[in-house]
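Reading through the structure tokens given below for one structure.
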């Protein structure tokens with residue numbers, strides 16, 4: 001009795017699609033639905049024309065307090081539900097628990113937006129595929145016809161389903177679920193231009209009755225044709241000091257695919273696994289200045305665990321001898337294989353367990369050098385946190401506090417933090433040198449796009465698996481670790497040259513750009529036992545230099561006890577030019 005006609009009509013429109021017409025989340029769409037309900041009430045004689053006009057003009061003022069903490073956290077919410085069902089199996093749906101997570105709203109929104117933007121940019125590079133389906137429309141369709149045509153095509157956040165009313169190469173007219181009519185032209189048609197060609201087969205053409213996706217631009221003043229991606233993705237960030245999960249997006253859209261790619265998808269890590277092999281080599285006496293050949297190698301079946309294998313660098317090029325530092329920055333496969341061969345695959349398999357990896361998922365073969373085992377994004381985030389926090393294996397967690405319906409606190413997280421020596425798994429010198437080497441990945445290596453953030457405290461590694469099936473970027477700032485992955489649920493290639501630096505790094509950057517905006521840079525101090533010594537680069541190895549450029553002296557970090565002797569570090573003596581030919585005298589020396 002306390003509701004106005006306008007409010008009643010708004011509520012009456014909700015059952016059709018509660019999320020879509022939620023006035024708190026989308027007031028404009030809710031109002032469109034409300035107008036439809038009021039119009040039908042007027043047409044059926046339930047209200048007068050005057051009542052209709054008054055209700056349409058009446059303002060809607062939904063209360064927003066309840067939505068203050070609303071975020072796109074569907075995957076994390078499901079993780080909470082599962083954890084609570086396991087902890088309180090008989091009470092989880094009856095006691096009115098309130099669960100506080102470690103997610104931060106700004107971080108979660110930044111991750112959600114960055115993942116969707118990155119996935120859509122990748123998908124767009126592959127071109128428009130086809131409409132989602134076709135519907136038979138009457139000559140003069142109404143709102144009910146649009147609802148029926150789009151019944152199996154729910155809106156996907158900003159990607160709205162629409163049914164085409166008319167189409168040609170210059171303009172597409174379509175109707176949204178709300179009944180709103182839109183026109184798409186100019187740049188809005190560019191992506192789907194081929195599907196508007198009359199020569200395109202009918203089953204792939206955008207024509208009357210086609211179900212398409214559209215997205216508003218410029219505040220709804222124009223529209224463009226888009227499509228739902230087929231590829232999937234995952235993103236997680238966590239506090240490197242105590243493991244608190246700050247953002248988690250388990251896929252492109254929870255309503256389409258509830259499989260959590262952060263915690264459930266076991267995928268090959270590719271080159272994002274190389275830092276752990278390099279870290280192992282430092283404990284065996286290798287240094288960032290160790291020179292190793294980037295040259296072809298052939299591995300026999302007993303070395304790979306399967307069949308004879310002739311690996312290549314992703315670009316098919318070999319650059320000869322280079323320092324380990326440069327090889328990691330450029331992600332040279334041959335160098336990683338030679339390092340693993342030198343330190344022993346079994347040793348490396350045992351070594352990586354200190355980062356939380358399962359040894360059985362990383363068989364002791366040379367293929368481990370290229371990340372041929374399997375990890376989850378959750379697991380990889382925990383492992384990279386060891387480098388970020390100086391050598392401590394923290395435990396990720398996502399529930400901060402549990403309170404019952406009476407306000408009683410039932411649980412409060414009390415995580416162990418980096419600095420607790422019981423968590424130390426890595427020599428702080430090793431963590432420092434690996435961090436410094438991975439900073440070069442960001443400066444001039446495969447992650448050089450990160451230079452746009454203009455920070456000195458970022459480190460990480462790209463990851464690309466064989467045939468471009470999985471794309472990763474794993475990286476961090478001293479307080480925050482973040483992992484991005486892109487791939488298909490049924491593994492297949494992402495496409496030629498679709499590497500971690502091309503596909504996954506933009507997601508990572510989109511997130512970090514937002515959340516680090518007001519965080520000061522945190523350069524890492526050199527720990528005791530690490531010294532900086534000038535070393536000679538290899539020819540053509542200098543960052544940004546032309547192939548074949550002259551070597552030069554650069555500073556390099558070593559364990560104090562592992563500094564090479566001076567004659568190894570000094571530049572070679574210059575070769576004297578040959579003397580001009582002189583004819584022999586009258587008494588030449590004997591030959």
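In my numbering, the protein residues as written are 1 to 591. Cβ atoms here follow ideal geometry from the backbone N, Cα and C, with glycine treated the same way.
Requested in this report: Would you tell me roughly how many angstroms separate the C-alpha atoms of residue 133 and residue 475, rounded to the nearest one?
Outcome: Taking the straight line from one Cα to the other gives about 40 angstroms.
**Report entry** Pair within 9 angstroms by beta-carbon distance, residue 56 and residue 94
**Finding:** No, Cβ-Cβ distance for residue 56 and residue 94 is not below 9 angstroms.
**Report entry** Whole alpha helix (DSSP H) elements within the segment 115-203, 4-residue minimum
**Finding:** For the segment 115-203, the continuous alpha helix (DSSP H) assignments of 4+ residues that do not extend past its boundaries occur at 143-149, in sequence order.
Requested in this report: Identify every run of the beta strand (DSSP E) within the segment 222-279, keeping only runs that are complete inside it and at least 3 residues long; order them along the chain.
Outcome: Here the runs fully enclosed are 222-226, 232-239, 245-249.
Query raised in the report: Which residues share a DSSP beta bridge with residue 402?
Result: The partner list for residue 402 (beta bridge, DSSP) reads 99, 411.
Query - CB contact flag (residue 488, residue 101, <9 angstroms) - result: Cβ atoms of residue 488 and residue 101: not closer than 9 angstroms.
Requested in this report: Identify whether residue 509 lies in helix, strand or coil by the three-state DSSP scheme.
Outcome: In this structure, DSSP gives residue 509 a helical state, which the three-state scheme calls helix.
Query raised in the report: Under the rule that 16 or more other beta-carbon atoms within 10 Å means buried, what is residue 576, buried or exposed?
Result: Any reading at residue 576 needs caution, since the residue's pLDDT is 45, under 50, leaving its predicted position unreliable; the model's value is listed next. Residue 576 comes out exposed.
Query - Beta-carbon proximity list for residue 288, same chain, < 7 angstroms, skipping 5 on both sides - result: Excluding residues within five positions, the ones whose Cβ falls inside 7 angstroms are 323, 324, 325, 433, 437, 556, 557.
Query raised in the report: Using 8 angstroms as the Cβ pair cut-off and three pairs as the minimum, do the segment 362-378 and the segment 207-226 touch?
Result: With a cut-off of 8 angstroms on Cβ pairs, the segment 362-378 is not in contact with the segment 207-226, counting fewer than three such pairs.
Query raised in the report: Is the segment 327-344 close to the segment 272-279, with three or more CB pairs under 8 angstroms?
Result: As far as the Cβ criterion goes, the segment 327-344 touches the segment 272-279, which means the pair count is three or higher.
Report task. Compare the C-alpha of residue 257 against each of 228, 238, 240, 241 and name the closest. Result -> It is 228 whose Cα lies nearest to the Cα of residue 257.
**Report entry** Nearest residue (CA-CA) to residue 541, options 327, 361, 144
**Finding:** Nearest to residue 541 by C-alpha distance, out of 327, 361, 144, is 327.
Query - Validate contact between the segment 492-506 and the segment 463-478 using beta carbons, cut 8 angstroms, 3 pairs - result: Under the Cβ criterion (8 angstroms, minimum of three pairs), the segment 492-506 counts as touching the segment 463-478.
Query raised in the report: So which of 306, 334, 190, 330 has the shortest CA-CA distance to residue 292?
Result: Nearest option by C-alpha distance: 334.
Query - residue 211 - containing beta strand (DSSP E), residue span - result: 210-217 is the extent of the beta strand (DSSP E) around residue 211.
Query raised in the report: Would you say the segment 435-454 touches the segment 195-215, given that touching needs at least three Cβ pairs under 8 angstroms?
Result: Contact between the segment 435-454 and the segment 195-215 is absent, because fewer than three Cβ pairs lie under 8 angstroms.
Query raised in the report: Roughly how many angstroms lie between the CA atoms of residue 9 and residue 185, to the nearest whole one?
Result: Using only the alpha carbons, I get a separation of about 34 angstroms.
Query raised in the report: Just the Cα atoms here: how many angstroms apart are residue 66 and residue 23?
Result: A caution first: residue 66 carries a pLDDT of 48, below 50, which makes its placement in the model too unreliable to give a value.
Query raised in the report: What alpha helix (DSSP H) runs, 4 residues minimum, are completely inside the segment 417-495?
Result: Entirely contained in the segment 417-495, the alpha helix (DSSP H) runs reaching 4 residues are, in chain order, 428-443.
Requested in this report: Would you mind reading off the limits of the alpha helix (DSSP H) that contains residue 387?
Outcome: Where residue 387 is concerned, the enclosing alpha helix (DSSP H) stretches over 377-388.
Query raised in the report: Which residues in the same chain as residue 417 place their Cβ atom closer than 6 angstroms to its Cβ, once the five residues preceding and following it in sequence are excluded?
Result: Correct list, in chain order: 241, 242.
Query raised in the report: Taking Cβ positions, are residue 396 and residue 244 nearer each other than 9 angstroms?
Result: The answer is yes: Cβ separation under 9 angstroms.
Report task. Pull up the CB-CB distance for residue 514 and residue 247, whole angstroms please, since I reckon it's below 8 angstroms. Result -> In this structure residue 514 does not touch residue 247 by the C-beta definition: roughly 10 angstroms separates them, more than the 8 angstroms allowed.
Query raised in the report: Are three or more beta carbon pairs between the segment 174-189 and the segment 142-159 nearer than 8 angstroms?
Result: Segment contact: the segment 174-189 against the segment 142-159, three or more CB-CB distances shorter than 8 angstroms; contact assigned.
Requested in this report: Report the option in 254, 431, 121 whose CA atom is closest to the CA atom of residue 279.
Outcome: Comparing alpha-carbon positions, the option among 254, 431, 121 lying closest to residue 279 turns out to be 431.
Query raised in the report: Would you report the Cα separation of residue 41 and residue 169, rounded to the nearest angstrom?
Result: Rounded to the nearest angstrom, the two C-alpha atoms are 39 angstroms apart.
Query - Beta-bridge partners of residue 81, as assigned by DSSP - result: Beta-bridge pairing links residue 81 to no other residue.
Requested in this report: Decide if residue 251 is buried, meaning its Cβ has at least 16 other Cβ atoms within 10 Å, or exposed.
Outcome: Result: buried.
Report task. Identify which residue in 529, 157, 162 has its Cα closest to the Cα of residue 148. Result -> It is 162 whose Cα lies nearest to the Cα of residue 148.
**Report entry** residue 472 vs residue 311 beta-carbon contact at 9 angstroms
**Finding:** No, they are not a contact pair.
Query raised in the report: What's the gap between the Cα of residue 347 and the Cα of residue 361?
Result: When rounded, the distance between both Cα atoms is 15 angstroms.
Requested in this report: In the DSSP assignment, find the alpha helix (DSSP H) that holds residue 39 and state where it starts and stops.
Outcome: It spans 27-43 - the alpha helix (DSSP H) in which residue 39 sits, taken as one unbroken run.
Query raised in the report: Is residue 47 helix, strand or coil by DSSP?
Result: If DSSP states are grouped into helix, strand and coil, residue 47 belongs with coil.
**Report entry** Start-to-end residues for the beta strand (DSSP E) that takes in residue 394
**Finding:** DSSP places residue 394 outside any beta strand (DSSP E), giving it a letter other than H or E.
**Report entry** Top-ranked residue by Cα proximity to residue 138, from 120, 440, 166
**Finding:** For the residues 120, 440, 166, the minimum Cα distance to residue 138 belongs to 166.
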